[in-house]
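Chemist: So in my numbering, the last spot in the sequence shown is 252, and the numbers never skip.
Quick reminder that beta carbons are idealized off the backbone N, C-alpha and C, glycines included.
These figures come from a predicted structure and were not determined experimentally.
Here's a structure for you.
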Amino acid sequence: KDRHSKIHTSQGLRDRRVRLSIDISRKFFNLQDMLGFDKASNTLEWLFNKSKKAMKELAQSKNSGSGVVANGFSSSDSECEVVSMINQDSIDATPEGVVVDSKERKIKRAKMKESREKARARARER
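If you want it as structure tokens, here you go:
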């Protein structure tokens, strides 16, 4: 039996885990670092929020049956290609609550590192 939980989609049962190419994963983790998020879910949620308009256009074009969306991708193109075409301006935009100052970012990383070290120490004690 597969130990990993699945989700039901219109395409059937799908694994929650996703494999990314080296280039895409590098871009993803760079974005995650810029945003200051520690969970991939938060980064993806931010990306989804920034790309709502494009997703609505895609859904409308699929419903109209044209198969071609405004940015030139056909509905048969892979989702990874569509996601990689997210408007660069929205990625460069600073979301609310994200630390911009590099000194503050360094302090935050140091605190996170210290917190992880303490957690490891507690785990060793168990």
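On the CB-based measure, 16 or more other CB atoms within 10 Å of its CB, does Thr135 come out buried or exposed?
Modeler: exposed
Chemist: Counting C-beta neighbours from all protein chains within 10 Å, is the total for Ser177 16 or more, i.e. buried, or is it exposed?
Modeler: buried
Chemist: Using a Cβ-Cβ distance under 8 Å, would Arg248 count as near chain E?
Modeler: In the displayed structure, chain E is absent; only one protein chain is listed.
Chemist: From which residue to which residue does the beta strand (DSSP E) around Lys132 run?
Modeler: Unbroken beta strand (DSSP E) run through Lys132: 132-135.
Chemist: What separation, rounded to the nearest whole angstrom, lies between the Cα atoms of Arg145 and Ser151?
Modeler: CA-CA distance, Arg145 to Ser151, rounds to 9 Å.
Chemist: Excluding the five sequence neighbours on either side, which residues of its own chain have a C-beta within less than 7 Å of the C-beta of Glu230, listed in chain order?
Modeler: none
Chemist: So what does DSSP say about Asp164, is it helix, strand or coil?
Modeler: Three-state result, Asp164: coil.
Chemist: Pick helix, strand or coil for Ser210, following the three-state DSSP scheme.
Modeler: Per-residue confidence for Ser210 stands at a pLDDT of 45, beneath the threshold of 50, marking its modelled position as unreliable; the derived number appears in the next sentence. Looking at Ser210 - three-state DSSP - the assignment turns out to be helix.
Chemist: Could you spell out where the beta strand (DSSP E) holding Leu146 opens and where it closes?
Modeler: No residue range can be given for Leu146, since it is assigned to no beta strand (DSSP E) and is classified by DSSP as neither H nor E.
Chemist: Taking the beta strand (DSSP E) that Arg129 belongs to, which residues open and close that run?
Modeler: No beta strand (DSSP E) holds Arg129; DSSP gives it neither H nor E.
Chemist: Terminal residues of the continuous alpha helix (DSSP H) containing Arg246?
Modeler: 228-251
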